[in-house]
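Comments concern the structure below.
6 protein chains.
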Amino acid sequence: EQSKKRVNTKSDSVIEVHANIDDQSGEQLSFTMKKLFDFGVYDTFFTPIFSKKNRPAYQLTVLAKESALEDIILIIIKNSSTFGVRWNVMQRKIMQRKFEIINTKHGQVKIKIGIFGNLKKVSVEYASAEKIAEEKNLPIGTVMEEAKREYYKNLEV
Amino acid sequence: EQSKKRVNTKSDSVIEVHANIDDQSGEQLSFTMKKLFDFGVYDTFFTPIFSKKNRPAYQLTVLAKESALEDIILIIIKNSSTFGVRWNVMQRKIMQRKFEIINTKHGQVKIKIGIFGNLKKVSVEYASAEKIAEEKNLPIGTVMEEAKREYYKNLEV
Amino acid sequence: EQSKKRVNTKSDSVIEVHANIDDQSGEQLSFTMKKLFDFGVYDTFFTPIFSKKNRPAYQLTVLAKESALEDIILIIIKNSSTFGVRWNVMQRKIMQRKFEIINTKHGQVKIKIGIFGNLKKVSVEYASAEKIAEEKNLPIGTVMEEAKREYYKNLEV
Amino acid sequence: EQSKKRVNTKSDSVIEVHANIDDQSGEQLSFTMKKLFDFGVYDTFFTPIFSKKNRPAYQLTVLAKESALEDIILIIIKNSSTFGVRWNVMQRKIMQRKFEIINTKHGQVKIKIGIFGNLKKVSVEYASAEKIAEEKNLPIGTVMEEAKREYYKNLEV
Amino acid sequence: EQSKKRVNTKSDSVIEVHANIDDQSGEQLSFTMKKLFDFGVYDTFFTPIFSKKNRPAYQLTVLAKESALEDIILIIIKNSSTFGVRWNVMQRKIMQRKFEIINTKHGQVKIKIGIFGNLKKVSVEYASAEKIAEEKNLPIGTVMEEAKREYYKNLEV
Amino acid sequence: EQSKKRVNTKSDSVIEVHANIDDQSGEQLSFTMKKLFDFGVYDTFFTPIFSKKNRPAYQLTVLAKESALEDIILIIIKNSSTFGVRWNVMQRKIMQRKFEIINTKHGQVKIKIGIFGNLKKVSVEYASAEKIAEEKNLPIGTVMEEAKREYYKNLEV
Ligand code: NI
Ligand code: NI
Ligand code: NI
Ligand code: NI
Ligand code: NI
Ligand code: NI
Ligand code: NI
Ligand code: NI
Ligand code: NI
Ligand code: NI
Ligand code: NI
Ligand code: NI
Numbered sequence: 264e265q266s267k268k269r270v271n272t273k274s275d276s277v278i279e280v281h282a283n284i285d286d287q288s289g290e291q292l293s294f295t296m297k298k299l300f301d302f303g304v305y306d307t308f309f310t311p312i313f314s315k316k317n318r319p320a321y322q323l324t325v326l327a328k329e330s331a332l333e334d335i336i337l338i339i340i341k342n343s344s345t346f347g348v349r350w351n352v353m354q355r356k357i358m359q360r361k362f363e364i365i366n367t368k369h370g371q372v373k374i375k376i377g378i379f380g381n382l383k384k385v386s387v388e389y390a391s392a393e394k395i396a397e398e399k400n401l402p403i404g405t406v407m408e409e410a411k412r413e414y415y416k417n418l419e420v
Numbered sequence: 264e265q266s267k268k269r270v271n272t273k274s275d276s277v278i279e280v281h282a283n284i285d286d287q288s289g290e291q292l293s294f295t296m297k298k299l300f301d302f303g304v305y306d307t308f309f310t311p312i313f314s315k316k317n318r319p320a321y322q323l324t325v326l327a328k329e330s331a332l333e334d335i336i337l338i339i340i341k342n343s344s345t346f347g348v349r350w351n352v353m354q355r356k357i358m359q360r361k362f363e364i365i366n367t368k369h370g371q372v373k374i375k376i377g378i379f380g381n382l383k384k385v386s387v388e389y390a391s392a393e394k395i396a397e398e399k400n401l402p403i404g405t406v407m408e409e410a411k412r413e414y415y416k417n418l419e420v
Numbered sequence: 264e265q266s267k268k269r270v271n272t273k274s275d276s277v278i279e280v281h282a283n284i285d286d287q288s289g290e291q292l293s294f295t296m297k298k299l300f301d302f303g304v305y306d307t308f309f310t311p312i313f314s315k316k317n318r319p320a321y322q323l324t325v326l327a328k329e330s331a332l333e334d335i336i337l338i339i340i341k342n343s344s345t346f347g348v349r350w351n352v353m354q355r356k357i358m359q360r361k362f363e364i365i366n367t368k369h370g371q372v373k374i375k376i377g378i379f380g381n382l383k384k385v386s387v388e389y390a391s392a393e394k395i396a397e398e399k400n401l402p403i404g405t406v407m408e409e410a411k412r413e414y415y416k417n418l419e420v
Numbered sequence: 264e265q266s267k268k269r270v271n272t273k274s275d276s277v278i279e280v281h282a283n284i285d286d287q288s289g290e291q292l293s294f295t296m297k298k299l300f301d302f303g304v305y306d307t308f309f310t311p312i313f314s315k316k317n318r319p320a321y322q323l324t325v326l327a328k329e330s331a332l333e334d335i336i337l338i339i340i341k342n343s344s345t346f347g348v349r350w351n352v353m354q355r356k357i358m359q360r361k362f363e364i365i366n367t368k369h370g371q372v373k374i375k376i377g378i379f380g381n382l383k384k385v386s387v388e389y390a391s392a393e394k395i396a397e398e399k400n401l402p403i404g405t406v407m408e409e410a411k412r413e414y415y416k417n418l419e420v
Numbered sequence: 264e265q266s267k268k269r270v271n272t273k274s275d276s277v278i279e280v281h282a283n284i285d286d287q288s289g290e291q292l293s294f295t296m297k298k299l300f301d302f303g304v305y306d307t308f309f310t311p312i313f314s315k316k317n318r319p320a321y322q323l324t325v326l327a328k329e330s331a332l333e334d335i336i337l338i339i340i341k342n343s344s345t346f347g348v349r350w351n352v353m354q355r356k357i358m359q360r361k362f363e364i365i366n367t368k369h370g371q372v373k374i375k376i377g378i379f380g381n382l383k384k385v386s387v388e389y390a391s392a393e394k395i396a397e398e399k400n401l402p403i404g405t406v407m408e409e410a411k412r413e414y415y416k417n418l419e420v
Numbered sequence: 264e265q266s267k268k269r270v271n272t273k274s275d276s277v278i279e280v281h282a283n284i285d286d287q288s289g290e291q292l293s294f295t296m297k298k299l300f301d302f303g304v305y306d307t308f309f310t311p312i313f314s315k316k317n318r319p320a321y322q323l324t325v326l327a328k329e330s331a332l333e334d335i336i337l338i339i340i341k342n343s344s345t346f347g348v349r350w351n352v353m354q355r356k357i358m359q360r361k362f363e364i365i366n367t368k369h370g371q372v373k374i375k376i377g378i379f380g381n382l383k384k385v386s387v388e389y390a391s392a393e394k395i396a397e398e399k400n401l402p403i404g405t406v407m408e409e410a411k412r413e414y415y416k417n418l419e420v
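Just so you know, the sequences run in chain order A, B, C, D, E and F. Note that my numbering has the first sequence beginning at 264, numbered continuously upward. Note that my numbering has the second sequence beginning at 264, numbered continuously upward. Note that my numbering has the third sequence beginning at 264, numbered continuously upward. Note that my numbering has the fourth sequence beginning at 264, numbered continuously upward. Note that my numbering has the fifth sequence beginning at 264, numbered continuously upward. Note that my numbering has the sixth sequence beginning at 264, numbered continuously upward.
See below:
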């Protein structure tokens, strides 16, 4: 195992934008989410919340780079029922990432390798595994596990 | 403590009606809930669910007596966006209930006493406690705890 | 408004299948959902639940016609981490449905009309509205509302 | 449609106060919410969270203007079981709002119109629609849609 | 891969017991869950629900064998605030299970193997993996994946 | 009741760290939570969120003192599947705390007393009450209520 110093970490900032929505359907909110991902935010998600006057509601959260703020506000205001958004800046640390293609007996699967100081992590890219799982009629877990097994087998050689 | 046989339990049946809703706002769903309670169901609630096509949604549940089924179906179909409901019959056991008025130093609070075999339970009626908490500007917990303390003090005498 | 008797309702049964999953990721569960919809179930959804030993988990629910039970069990067992499923039969009532195409100034939108006794309901088909919202760069709500407005305008003529 | 510059947006700040609660019932939490709304916060809601030691819990969130911070802390400490609160300041942008009364065939409904740069949004005020829905025994959606239809019909003239 | 007929499946029934709880804290509900697991139910979990009068609440669900019904009702009535429970019987199919001990380089891990017709599934027992992850200061995922890798390596020999 | 000035409040700051996780099971996330509590964070919890591509997911939140940031990031990166974390600093106000042992007829229970200006709050320590509830086979609520009753009885003397 590695023992480098904690040098290869990446630190930056990210905005977290929130809006509370109790007057739009989940069906329509999926469109809001789509528009935000099409624009290129880091992430978007809905949190179920218990709101006033017996209303089940959602909190929309958007994570993005600070320079995208103005665009994101416009997308949310335009594509949801909310009359306002709130946000703040958060600090962020992320692993250095690189990608590899793994040959498994069922096909090629893409993996993502993260490095953070002396920590290393391997993650199978869902989209490439899903493609094979569909083609070969296999459980997604089978394909993802095989990709990881193959990756570790290669390391041992 | 009591040691009677398990005789005073009440067993009956109840219908549980479900509808999944992804195309109506939480604001409007509060109206559906209101109509169901106005009609006189035992209980109604919404469960947040992760539905198809990235849609956050709700499962509506209604608990009521079997004879109310037809009315409940009409209320849901009329007052929500769903195109259908499903239901089944469940067995039910409930505690025998009686009510008492407790005199606390802040006012009168209603309590509910449940008996089930040799088990006994005391519950403070929220509405009566809320009234006093509002009038006397007290935390609701303070009022509810005082009612229970007074109840147990009386038992000891 | 109509005043026919409650004749045109449809009553049948549906199975509700459940499995609790605490040992599979949400990413992989989206695959399970996909396989179930590809097979042709009525609906599938995940409910967040608080499970034993501090485990956040999901309850998978599948709604389908009874004759599909064996296939659904196999799909779930194969495509999720669960070691078992449970189910029961529920009664169901659904509105009679028909579809219409509505011409709006932005394009054609499909609507679904439901009839249940003397109740009538109009719902805009999301997929057709989303297509126009994307093409014309409009909020989905705008497109859906216009389709409904147009539908009611035609009724008045 | 309008094409003014993005001038009429309003930017200010808001505090977001949080407290985690695992030792108070939902019934009592509704009282906490009531006290906060009675005071005049912008919004309050509960988020279900999976807390330590197998405890289902809630995160209380309060949105309010910064000057209200001290009062809000006192209301929460007094009216909930929490021993502490945390908060930060968020930036906020909201649409310019104005209100109109719409005459529908079922009665008068209040709508809220939001302007944000060249974006415009119309929202039906739930309370006024609910009043009519109750009086005329109509689905809330029917009343809200009619108000919007009437609004757009007037615009076309 | 196997190609036996679907013979080795196990079919039985299970009761699903529900109670809705809005007047007890999550902290105390963890005790209710503990008592139910101590008794020996199959599973117990809480679902967050949006209940009447602005109350965030929980639905308690218990899965157990039918013969345990009376005991479970008593445990719930005694150890929670509810005044009643409802239940029904569900059919159940579960995989045939056997257990194996896997030797990994970090220690012994227990795995569960499920057989259902020609479907086979391998699951790492969390408790045994957690023990090693704690002792060797490893991520739980690392230990679980290694156990599966070792299992599949042995199969290949 | 007391009428001191608001002097005995404690104000400090806390970091709130977030990570979104859609590619790890709830079972494994319980391990992440354990590692964070073993390290000594103030609190950790999971929020169910509706993430992209039909994925049910969780938001991990960690509350801790600022000086612990680097350690917490390492614990999360090592013990969960996430490739990054985000955080910000929040202000915090907490009640002054002291502890007392209460003698009840069933045994000794620990209570926590909080003071905040002229507000006072009493909370029963769950762990000590659970021990007695287990030993004496009592509902947890019974033990906790008795401890509070005893505390208030002593005050009256
Ligand atoms: Ni936030
Ligand atoms: Ni294979
Ligand atoms: Ni159900
Ligand atoms: Ni008092
Ligand atoms: Ni069910
Ligand atoms: Ni238009
Ligand atoms: Ni926050
Ligand atoms: Ni009308
Ligand atoms: Ni159920
Ligand atoms: Ni290793
Ligand atoms: Ni946050
Ligand atoms: Ni006692």
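Just so it is clear, CB atoms sit at the ideal spot from N, CA and C, and this is done for glycine as well.
Report yes or no: do three or more beta-carbon pairs, one from the stretch 398–406 of chain B and one from the stretch 367–376 of chain B, lie closer than 8 Å?
Touching, yes.
Residues near ligand 11, CB to any non-hydrogen atom under 7 Å, in chain order?
Matched residues: A:E279, F:E279, F:H281, F:T324.
D334 of chain C: which of C:K298, C:F346, C:N351 sits nearest, CA to CA?
When each option's Cα is compared against that of D334 of chain C, the closest is C:K298.
Between N351 of chain C and E279 of chain C, how many whole angstroms is the CB-CB distance? I'm expecting something under 8 Å.
Yes, they are in contact, since the Cβ atoms of N351 of chain C and E279 of chain C sit about 6 Å apart, within 8 Å.
Residues of chain A with CB under 7 Å from Y389 of chain C, in chain order?
Those are E290, listed as they occur along chain A.
Could you give the distance in angstroms between the alpha-carbon of P311 of chain D and the alpha-carbon of N400 of chain E?
Spanning the two alpha carbons is a distance of roughly 31 Å.
Could you name the residues of the same chain whose beta carbon sits closer than 7 Å to that of Y222 of chain D, not counting the 5 residues immediately before and after it, in chain order?
Given a span of 264 to 420 for chain D in the structure shown, any question on residue 222 of chain D remains unanswerable.
Short of 8 Å Cβ to Cβ, which residues in the stretch 333–362 of chain A face chain D?
So the close ones are I336, L337, I340, K341, S344, F346, G347, V348, R349, W350, N351.
Taking a cut of 8 Å between CB atoms, which residues from the stretch 401–415 of chain F lie near chain E?
Answer set for the stretch 401–415 of chain F: P402, I403, G404, M407.
How is K399 of chain D classed by DSSP in three states: helix, strand or coil?
Reduced to three states, the DSSP call for K399 of chain D is helix.
Can you pull the chain E neighbours of F294 of chain F, defined as C-beta to C-beta under 7 Å?
Result: E393, A396, I403.
Would S344 of chain F pass as a contact of K411 of chain A if the rule is Cβ separation under 9 Å?
No, Cβ-Cβ distance for S344 of chain F and K411 of chain A is not below 9 Å.
Please state the DSSP three-state secondary structure of G380 of chain D.
Here G380 of chain D sits in coil by DSSP.
Does DSSP put K268 of chain A in a helix, a strand or coil?
Low local confidence applies: a pLDDT of 42 at K268 of chain A is under 50, so the model's placement there is unreliable, and no value is given.
Give me the residue from A:F379, A:M358, A:A396, A:A390 with the minimum Cα distance to K368 of chain A.
Measuring from the Cα of K368 of chain A, the nearest candidate turns out to be A:A396.
Hey, is P311 of chain C's beta-carbon within less than 9 Å of any beta-carbon in chain A?
P311 of chain C counts as touching chain A.
Give the DSSP-derived three-state secondary structure of D301 of chain D in the structure shown.
Of the three classes helix, strand and coil, the one that applies to D301 of chain D here is helix, per DSSP.
Of the residues B:G380, B:L382, B:S391, B:I376, which one's Cα is nearest the Cα of Y414 of chain B?
Measuring from the Cα of Y414 of chain B, the nearest candidate turns out to be B:I376.
Please tell me whether V280 of chain C has its Cβ less than 9 Å away from any Cβ of chain F.
No, because no Cβ of chain F sits closer than 9 Å to the Cβ of V280 of chain C.
Cα separation between G380 of chain E and K361 of chain E?
So the alpha carbons of these two residues sit roughly 15 Å apart.
Alpha carbon to alpha carbon, how far is K316 of chain E from L332 of chain C?
Each residue's alpha carbon lies about 39 Å from the other.
Tell me, to the nearest whole angstrom, how far the beta carbon of I378 of chain C is from that of Q354 of chain C; I am working on the premise that it is less than 8 Å.
Contact doesn't hold; Cβ gap of about 20 Å is too wide.
Out of E:E329, E:R349, E:D275, which one is the CA nearest neighbour of D275 of chain B?
Closest by alpha carbon: E:R349.
Quick check on A390 of chain C: buried or exposed, where buried means 16 or more other Cβ atoms within 10 Å of its Cβ?
A390 of chain C should be labelled exposed.
Taking DSSP as the reference, what is the three-state secondary structure of N283 of chain C?
Correct three-state label for N283 of chain C: strand.
Who are the neighbours of S330 of chain C on chain F, taking C-beta pairs under 8 Å?
In chain order: nothing, as chain F lies at least about 26 Å away.
What are the boundary residues of the beta strand (DSSP E) that K361 of chain B is part of?
Taken as a continuous stretch (DSSP letters only), the beta strand (DSSP E) holding K361 of chain B covers 359–367.
What does the alpha-carbon distance come out to for the pair I365 of chain C and M296 of chain C?
Using only the alpha carbons, I get a separation of about 31 Å.
Among A:L323, A:Y305, A:P319, which has the Cα closest to the Cα of E329 of chain A?
For E329 of chain A, the nearest C-alpha among the options comes from A:Y305.
For D286 of chain D and S314 of chain E, which I take to be in contact (beta-carbon distance under 8 Å), what is that distance rounded to the nearest angstrom?
Wrong, their Cβ atoms sit about 19 Å apart, outside the cutoff.
Quick one: is E393 of chain C buried, meaning 16 or more other Cβ sit within 10 Å of its Cβ, or exposed?
With 16 or more Cβ atoms within 10 Å of its Cβ, E393 of chain C is classed as buried.
Show which residues of chain E have a CB atom less than 8 Å away from the CB atom of K375 of chain A.
Those do not exist, as K375 of chain A stays about 15 Å from chain E at its closest Cβ, beyond 8 Å.
Note down the Cα distance separating E419 of chain E from H281 of chain A, rounded to an integer number of angstroms.
Rounded to the nearest angstrom, the two C-alpha atoms are 51 Å apart.
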